[in-house]
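Numbering (my numbering), first residue to last: 12 to 287.
Just so it is clear, CB atoms sit at the ideal spot from N, CA and C, and this is done for glycine as well.
Please read all numbers here as calculations on a predicted model, not as lab measurements.
Working notes, beginning with the structure itself.
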Ligand code: SF4
Ligand code: SF4
């Protein structure tokens with residue numbers, strides 16, 4: 012089956028490319044059995060960068076559900092039998108997007124293109140039907156300026172890759188953290204995710220806000236202690252269940268808020284300085 016970019020757009024996939032099974036198979040991280048092809052699509056979420064302690068990607072609706080709904084609808088419109096994936100994917104999504112002509116890999120390890128910079132989610136439809144390849148036509152955007160490596164507040168990004176244990180995006184959602192990770196978190200004042208290696212990137216300057224209402228309306232930029240105080244995990248999930256920062260429950264967020272509050276008190280002089 013041969014798809015065209017316009018057909019994909021009409022099915023709601025504004026930025027997408029197609030890989031045949033032979034090209035996509037080497038990018039699998041686990042076996043999913045036989046398949047005919049993969050449609051890879053980008054869903055931009057940039058809606059400004061107002062200050063806050065939540066990462067930009069987590070301020071709108073939970074992208075897992077949004078992408079799954081949009082991908083399922085697209086498969087229906089295209090008449091395809093397909094399995095949608097978003098984030099929890101059997102593929103290396105960044106390499107998959109690159110192979111589908113949706114951008115290039117930046118020094119920050121993210122897929123980047125000229126239209127959306129790096130502020131987008133990647134989703135896939137894995138089809139039963141055989142698909143002919145189709146390049147998404149989105150130009151790579153990384154110039155290799157190295158700013159992301161220099162601006163990373165923890166040194167997690169070095170030439171040659173990401174050291175996950177130092178990355179605030181990982182630390183803020185980890186169930187248990189080491190004293191060193193705790194100190195990194197306290198310096199950042201972030202409670203969920205980190206955008207430093209993206210906000211400093213020239214490819215992300217002057218981006219158009221996303222046209223997707225799920226990621227541009229009813230944004231929540233910050234959470235404070237007052238909003239979580241006294242909430243059970245169940246009550247927290249009821250209150251914030253549609254948000255991406257909710258999937259680990261209340262504990263990591265409550266811990267992060269507490270650590271950041273302690274640090275603010277130390278800076279204020281109300282608590283003894285911690286050892287560096
Ligand atoms: S998300 Fe933050 S901590 Fe992680 S690599 Fe990027 S700048 Fe560094
Ligand atoms: S900051 Fe520079 S090196 Fe890093 S991803 Fe952006 S363009 Fe590439």
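Beta-carbon proximity of residue i to residue j, cut-off 8 Å
i, j, result
"residue 165", "residue 175", "no"
"residue 60", "residue 67", "yes"
"residue 128", "residue 152", "yes"
"residue 208", "residue 199", "no"
"residue 214", "residue 113", "no"
"residue 221", "residue 62", "no"
"residue 225", "residue 272", "no"
"residue 259", "residue 184", "yes"
"residue 179", "residue 107", "no"
"residue 182", "residue 196", "yes"
"residue 227", "residue 58", "yes"
Assumed close pair residue i, residue j - CB separation to whole angstroms, cut-off 8 Å
i, j, result
"residue 30", "residue 97", "The Cβ separation is near 17 Å, so there is no contact."
"residue 12", "residue 142", "6 Å"
"residue 47", "residue 139", "6 Å"
"residue 49", "residue 145", "Going by Cβ atoms, the distance from residue 49 to residue 145 rounds to 11 Å, so no, they are not a contact pair."
"residue 186", "residue 263", "7 Å"
"residue 211", "residue 117", "At roughly 11 Å, the Cβ-Cβ gap does not stay under 8 Å, so residue 211 and residue 117 are not in contact."
Spatial distance of residue i from residue j (CA atoms)
i, j, result
"residue 34", "residue 44", "15 Å"
"residue 105", "residue 275", "37 Å"
"residue 244", "residue 191", "27 Å"
"residue 288", "residue 249", "Not covered by the structure: residue 288. The range shown for the chain is 12 to 287."
"residue 124", "residue 28", "13 Å"
"residue 149", "residue 269", "42 Å"
"residue 256", "residue 69", "6 Å"
"residue 119", "residue 160", "7 Å"
"residue 163", "residue 115", "20 Å"
"residue 102", "residue 189", "30 Å"
"residue 218", "residue 201", "23 Å"
"residue 100", "residue 277", "42 Å"
"residue 65", "residue 246", "20 Å"
"residue 155", "residue 240", "44 Å"
"residue 267", "residue 238", "14 Å"
"residue 279", "residue 251", "31 Å"
"residue 18", "residue 42", "29 Å"
"residue 287", "residue 157", "Caution applies to residue 287, whose pLDDT of 43 falls short of 50 and renders its modelled position unreliable; the value that the coordinates give is listed next. Each residue's Cα considered, the two are about 27 Å apart."
"residue 16", "residue 203", "35 Å"
"residue 171", "residue 265", "34 Å"
"residue 10", "residue 242", "Nothing about residue 10 can be read from this structure; the chain reaches only from 12 to 287."
"residue 51", "residue 223", "17 Å"
"residue 147", "residue 216", "22 Å"
"residue 91", "residue 194", "49 Å"
"residue 261", "residue 14", "43 Å"
"residue 32", "residue 109", "15 Å"
"residue 89", "residue 126", "25 Å"
Touching by the beta-carbon criterion (3+ pairs, under 8 Å), the segment 232-249 and the segment 147-167
no
Measuring CB atoms only, is the segment 73-89 touching the segment 128-140, in the sense that at least three cross pairs come out at less than 8 Å?
yes
By C-beta, the residues closer than 5 Å to any heavy atom of ligand 1, given in chain order:
163, 165, 167, 168, 178, 179, 180, 205, 207 and 208
Within 8 Å, do at least three Cβ pairs link the segment 15-31 to the segment 76-87?
yes
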